[in-house]
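Notes follow once the structure below has been shown.
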Amino acid sequence: MRKTIARRLSESKFTAPHFYLSITVDMDNAISSRKAINEKLGHKISFNDIIVKASAMSLREHPTVNSSWRGDVIRRNEHVNVGVAVAVEEGLLVPVVRYTDTKTLSEISKEVKAFAQGAKEKKLQPSDWEGSTFTISNLGMFGIDEFTAIINTPDACILAVGGIQQVPVVKEGQIVQVIL
Numbered sequence: 645m646r647k648t649i650a651r652r653l654s655e656s657k658f659t660a661p662h663f664y665l666s667i668t669v670d671m672d673n674a675i676s677s678r679k680a681i682n683e684k685l686g687h688k689i690s691f692n693d694i695i696v697k698a699s700a701m702s703l704r705e706h707p708t709v710n711s712s713w714r715g716d717v718i719r720r721n722e723h724v725n726v727g728v729a730v731a732v733e734e735g736l737l738v739p740v741v742r743y744t745d746t747k748t749l750s751e752i753s754k755e756v757k758a759f760a761q762g763a764k765e766k767k768l769q770p771s772d773w774e775g776s777t778f779t780i781s782n783l784g785m786f787g788i789d790e791f792t793a794i795i796n797t798p799d800a801c802i803l804a805v806g807g808i809q810q811v812p813v814v815k816e817g818q819i820v821q822v823i824l
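Position in the sequence shown (from 1) plus 644 gives the number in my numbering.
Shown next, in the form of structure tokens:
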């Protein structure tokens, strides 16, 4: 599996156009929203679930981003299928939450958890990791602040997510603590 991952990442790096952007996001509202949601539900929503849902909504709103690179042709995808990178002992799998933009946060959460469990138990099938139109790789839970991800071809984009951290910032002329 590691050889396949290395080959695919190398191919992606040299065949798909890459450029990188970075943004810092104030997570205060996401934290309070997650807390309120988790108090109402019978299961826990993760920050990654929130990122998957927000990304799917953004992809629906900005269809150019929800595209695939096919050699010298860019294909706009009709459906939003978000791949969620999952670390396994042998390397990395990217199971796909299909029609992500049509699913509730709770549905996304349950599906991502089932994929993660299936990946750890080696029960996923190739059809589970085929057909993504956008990928999310989140290393925040490992203490990584930021990183540069390599596009999961044929997707045109990947979102690299780092950890949430409390930092001082200036808001309205005052130094305050915010969670980014």
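Quick reminder that beta carbons are idealized off the backbone N, C-alpha and C, glycines included.
Pair within 8 Å by beta-carbon distance, residue i and residue j
i: Asp772; j: Phe759; result: yes
i: Thr779; j: Ala729; result: yes
i: Arg646; j: Gly735; result: yes
i: Gly787; j: Gly762; result: no
i: Val741; j: Val756; result: yes
i: Ile795; j: Ser656; result: yes
i: Met671; j: Leu824; result: yes
i: Val822; j: Val814; result: no
i: Asn725; j: Gly775; result: yes
Per-residue DSSP class, three states only, for residue i
i: Pro770; result: helix
i: Phe791; result: coil
i: Phe892; result: Only positions 645 to 824 of the chain appear in the structure, and residue 892 is not among them; the question remains open.
i: Thr779; result: strand
i: Leu736; result: strand
Nearest residue (CA-CA) to residue i, options the options
i: Leu737; options: Lys688, Val811, Glu765 and Gly787; result: Glu765
i: Ala680; options: Phe663, Leu703, Ile694 and Glu733; result: Ile694
i: Thr792; options: Ala650, Arg651 and Phe663; result: Phe663
i: Pro770; options: Ser702, Pro739 and Ser753; result: Pro739
i: Gly777; options: Arg704, Gly727 and Ser750; result: The sequence shown places Thr at residue 777, rather than the Gly named in the question. Of Arg704, Gly727 and Ser750, the residue nearest in Cα terms is Gly727.
Range covered by the beta strand (DSSP E) that runs through residue i
i: Ala804; result: Ile802 to Val805
i: Gln810; result: Gln810 to Lys815
i: Ser666; result: Where Ser666 is concerned, there is no enclosing beta strand (DSSP E), given that its DSSP letter is neither H nor E.
i: Arg714; result: Ser711 to Arg714
Continuous alpha helix (DSSP H) stretch holding residue i: start and end
i: Ala760; result: Leu749 to Lys764
Are at least three pairs of beta-carbons, each pair with one atom in the region 793–813 and one in the region 713–723, less than 8 Å apart? yes
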